[in-house]
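Colleague:
Here's what the structure looks like:
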């Protein structure tokens, strides 16, 4: 979906959902997609930490 707009991504997600999907289910799915997009952007921007560093932070 690289190069597509947020609106295009939302419309595609809605088209793939069943006809009887509830509003809360739609919102949950869109939020999930949003968080994935955020994570991918962080990786692309180099805003990441190593697995070892993450484990060390979790021990604190």
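Numbering (my numbering), first residue to last: 87 to 146. C-beta atoms are modelled at their ideal positions from N, C-alpha and C, and glycine is treated no differently.
1. Roughly how many angstroms lie between the CA atoms of residue 102 and residue 129, to the nearest whole one?
2. At the level of alpha carbons, what is the spacing between residue 127 and residue 121?
3. Per DSSP, what kind of secondary structure is residue 144 in: helix, strand or coil?
4. Anyone know if the C-beta pair for residue 135 and residue 116 falls short of 8 Å?
Modeller: Reading off the structure:
1. Counting from one through the chain shown, the residue named residue 102 turns up at place 16. Counting from one through the chain shown, the residue named residue 129 turns up at place 43. Spanning the two alpha carbons is a distance of roughly 27 Å.
2. Here the question's residue 127 lines up with position 41 in the chain shown. Here the question's residue 121 lines up with position 35 in the chain shown. Roughly 10 Å separates the two Cα atoms.
3. Working through the chain shown from its first residue, we reach residue 144 at position 58. Residue 144 falls in the helix class under three-state DSSP.
4. Here residue 135 is taken as the residue at index 49 of the chain shown, counted from 1. Here residue 116 is taken as the residue at index 30 of the chain shown, counted from 1. No, Cβ-Cβ distance for residue 135 and residue 116 is not below 8 Å.
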